[in-house]
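Peer 1: Quick one: this structure, given as structure tokens, is what I'll be asking you about.
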Amino acid sequence: MKSRANYIEYILDTILMLVVIQLFRIVAKFILISQLNLSLENLIVTTIISFMVVGTILLLIFKNNPKFTHHSLKLVNMFNHRNKYIKVVLGIIVGIASIITPYFNGGYSMYNIELLILSIIIIPIFEELLFREHIWNYLTYHIKNTTIIFIATMIMYSVYQIGYIDIISQYMKLTSMSGYMVDILIFNIVKGLILGSILNFIRIKFKDIYICIMIHILFSILLY
């Protein structure tokens with residue numbers, strides 16, 4: 000019973016942390032967008048900046064904390080040692096797919112490039128570092144049951160997608176699609192459950208955050 004109470008406590012701590020992170024990102028984007036006219040391009044740019052600001056702060060906070068960050072989390076280690084050839088192949092596929100994707104989705108306009116950067120680079124990297132690196136390591140440090148960690152992170156990742164309602168609502172308003180808000184939220188939650196379970200399995204199988212990032216990017220390209 001005591002063990003169960005302990006892991007529930009750590010999961011609740013994680014949920015609180017996710018709420019704070021999401022609120023901080025929303026506030027950062029609100030401050031940025033309030034200085035500009037609301038347009039699709041400004042929405043994308045301010046969203047990119049808000050993700051980068053929050054992501055940088057998290058990296059600085061968790062950088063030297065072994066509970067959250069593995070010591071090998073360095074870009075220079077990306078293609079070294081474990082799973083090297085898998086990462087090289089995935090890296091080539093991701094690179095080619097990222098370059099040709101805009102060609103099949105409206106061309107290489109500034110808006111499309113900015114949306115591409117946000118959708119298939121910024122968000123996947125941010126979410127994987129947050130969920131499959133920092134949170135996964137934190138829960139693993141305190142909870143020894145991999146099944147509990149798998150289920151908890153999968154559900155938290157899925158529910159976390161609701162926190163993007165600020166971006167979704169403004170995008171819907173600008174594209175006159177407000178009537179589809181509920182449909183999009185439900186889709187994102189279901190997508191989060193499916194993608195979260197796949198990425199958690201990959202995290203357990205390969206123990207490599209870089210593979211998780213590249214697989215997430217490939218999924219984002221497919222849904223772009």
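With numbering that gives the first Met the number 0 as the guide, the letters of the sequence shown map in order to residues 0 to 223.
All C-beta atoms in this analysis are idealised placements derived from N, C-alpha and C, irrespective of residue type, glycine included.
1. Restricting to Cα atoms, I'd like to know which of Y179, D207, C211 and V181 is closest to L194.
2. Quick check on this structure: which residue in N187, E40, H69 and L37 has the alpha carbon closest to the alpha carbon of W135?
3. Given a cut-off of 8 Å, decide if I148 and I154 are closer than it, judged by their beta-carbon atoms.
4. Taking only runs of the alpha helix (DSSP H) that begin and end inside the region 108-172, which ones reach a length of at least 4 residues, in chain order?
5. Can you tell me which of P123, N82 and E40 puts its alpha carbon nearest to the alpha carbon of K204?
6. Which residue marks the beginning of the alpha helix (DSSP H) containing S219, and which one marks its end?
7. The alpha helix (DSSP H) that contains M224, what's its start and end?
8. Roughly how far, in whole angstroms, is the beta-carbon of L17 from the beta-carbon of Y163, given that I think they are within contact range, below 8 Å?
9. What do you reckon, are the CB atoms on T100 and Y6 nearer than 8 Å?
Peer 2: In short, the structure shows the following:
1. On the sequence shown, position 195 is the one that residue 194 refers to. The shortest Cα separation from L194 among Y179, D207, C211 and V181 belongs to C211.
2. Indexing the sequence shown from 1 puts residue 135 at position 136. Selected option, being the one with the closest Cα: H69.
3. Position 155 of the sequence shown, counting from 1, holds the residue named residue 154. Position 149 of the sequence shown, counting from 1, holds the residue named residue 148. Against a cut-off of 8 Å, the Cβ pair of I148 and I154 comes out as no contact.
4. Taking only runs of at least 4 residues, the alpha helix (DSSP H) segments lying wholly in the region 108-172 are 109-116, 122-127, 135-141 and 145-159.
5. Numbered from 1 along the sequence shown, position 205 holds the residue referred to as residue 204. Of the listed residues, the one whose Cα sits closest to K204 is N82.
6. Against the sequence shown, residue 219 aligns to sequence position 220. S219 -> alpha helix (DSSP H) spans I208 to L221.
7. With the chain covering 0 to 223 only, the question about residue 224 has no answer from this structure.
8. The residue given as residue 17 occupies position 18 in the sequence shown. The residue given as residue 163 occupies position 164 in the sequence shown. The Cβ separation is near 12 Å, so there is no contact.
9. Start at 1 with the first residue of the sequence shown, and residue 100 comes out as number 101. Start at 1 with the first residue of the sequence shown, and residue 6 comes out as number 7. Against a cut-off of 8 Å, the Cβ pair of Y6 and T100 comes out as no contact.
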